[in-house]
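**Student:** In our numbering, the protein residues as written are 43 to 316.
Built from N, CA and C at the ideal position, the CB exists for glycine as well.
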Amino acid sequence: PEIFRLLGCEVVELYCDSDPNFPNHHPDPVNPNNMQDLIKEVRKHQADLGIGIDGDGDRIGVVDNAGNLVFGDILMILFWRDILPRYKGAKAIVEVKCSQSLIDEIIRLGGEPIIYKTGHSLIKAKMKEVNAIFTGEMSGHMFFADDYYGFDDALYASARLLALLSHQDKSLSDLLADIPRYYATPEIRVKSTDAEKFSLVAQVLNHFKNIYEVIDIDGARIIFPHGWGLVRASNTGPELIVRCEGNSPENLSKIKNELFSFLSNLGLDSTELV
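This is the structure:
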């Protein structure tokens, strides 16, 4: 909180005393359940925004002035709008599970999107490989090499967001209003085994590549006519990660039905596919 006060902000503190027992909630700012108290405080105080930071200070979660969660891929759009005009043609790494709206916006701004694997260390390594100036993850890691050192620091990301807002005559919700809206599921975790999860992903890939374009950099991101569906093996546990996005609720439902039906036919628990 002190850093934000030094930057000239009026700060309302919420759970800022360090306690390793985490009496209020787990310090994961990407989980919507953990952000509900912050949402209430933003609305109560009519704040310009709310910021949540994880336990070791490298991931950021944001609530806009209307009390809406700003997910990582949408937050990246705001940062890219600030950065890319100064680096035309820059390579922009896009995590495979990010929204199509991020990819479209990078192209509109003159950048070159590179869809890449999920994973903190993998993203950082790719960033160095292609000399990227900025990238981020859905999980809230934001890596700035533009005027910074290229690593993920939630306090610095917060300061960059505050600086961005201070140079605008619009609220955060207004800045987000013109981003094309897509409709997406959360990440759905489907139980599998470490022995089977990669085989299941391969079956998904082999089936859908005969019907649609499929990006296979990390699992299978299937490009449907009006959206996409992703199936990938978790990096950290015996499960599959599934996510879908459509340009309308109806198209999202169609994508889910087609993808989930195939996954159920592979023997996966249909009760988890909701």
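Just to confirm the assignment: which complete beta strand (DSSP E) runs, minimum length 3, are found wholly within the stretch 255–304?
**Tutor:** Correct list: 255–257, 262–266, 269–275, 281–288.
**Student:** Closest to residue 260 by C-alpha separation, out of 126, 139, 48, 49, would be which residue?
**Tutor:** The sequence position of residue 260 within the sequence shown is 218, counting from 1. Per the Cα distances, 139.
**Student:** With 16 as the cutoff for other CB atoms within 10 Å, does residue 58 come out buried or exposed?
**Tutor:** As a first step, residue 58 is located in the sequence shown; it is residue number 16 there, counting from the start. Residue 58 should be labelled exposed.
**Student:** To the nearest angstrom, how far is it from the Cα of residue 107 to the Cα of residue 307?
**Tutor:** What you label residue 107 is simply residue 65 of the sequence shown in a count that begins at 1. What you label residue 307 is simply residue 265 of the sequence shown in a count that begins at 1. Their backbone Cα atoms lie some 44 Å apart in a straight line.
**Student:** Quick one: what's got a C-beta closer than 6 Å to residue 187's C-beta in the same chain, skipping five residues either side?
**Tutor:** Reading the sequence shown from its first residue, position 145 is the one you call residue 187. The answer, listed in chain order, is 175.
**Student:** Can you check the stretch 113–174 for any alpha helix (DSSP H) of at least 4 residues that lies completely inside it and give the ranges in chain order?
**Tutor:** Segments of the alpha helix (DSSP H) lying fully in the stretch 113–174: 114–125, 142–150, 162–172.
**Student:** Within a Cβ cutoff of 6 Å, which residues of the same chain sit near residue 288, ignoring the five residues on either side of it in sequence?
**Tutor:** Your numbering for residue 288 matches position 246 in the sequence shown. Cβ neighbours of residue 288 beyond the five flanking positions: 225, 268, 269, 294, 297.
**Student:** Among all the DSSP beta bridges, which residues are the ones paired with residue 183?
**Tutor:** Taking the sequence shown and counting its residues from 1, one reaches residue 183 at position 141. Paired residues: 101.
**Student:** For residue 304, tell me which candidate among 56, 137, 242, 151 has the shortest Cα-Cα distance.
**Tutor:** Counting from 1 along the sequence shown, the entry for residue 304 is found at position 262. That would be 242, whose Cα lies nearest to the Cα of residue 304.
**Student:** What's the gap between the Cα of residue 164 and the Cα of residue 311?
**Tutor:** Start at 1 with the first residue of the sequence shown, and residue 164 comes out as number 122. Start at 1 with the first residue of the sequence shown, and residue 311 comes out as number 269. For residue 164 and residue 311, the distance between alpha carbons rounds to 30 Å.
**Student:** Quick one: any contact between the stretch 144–161 and the stretch 47–61, if contact means 3 or more CB pairs under 8 Å?
**Tutor:** No: the two stretches stay apart, fewer than three of their Cβ pairs being nearer than 8 Å.
**Student:** Helix, strand or coil for residue 81? Go by DSSP, reduced to three states.
**Tutor:** Numbered from 1 along the sequence shown, position 39 holds the residue referred to as residue 81. Helix, per DSSP.
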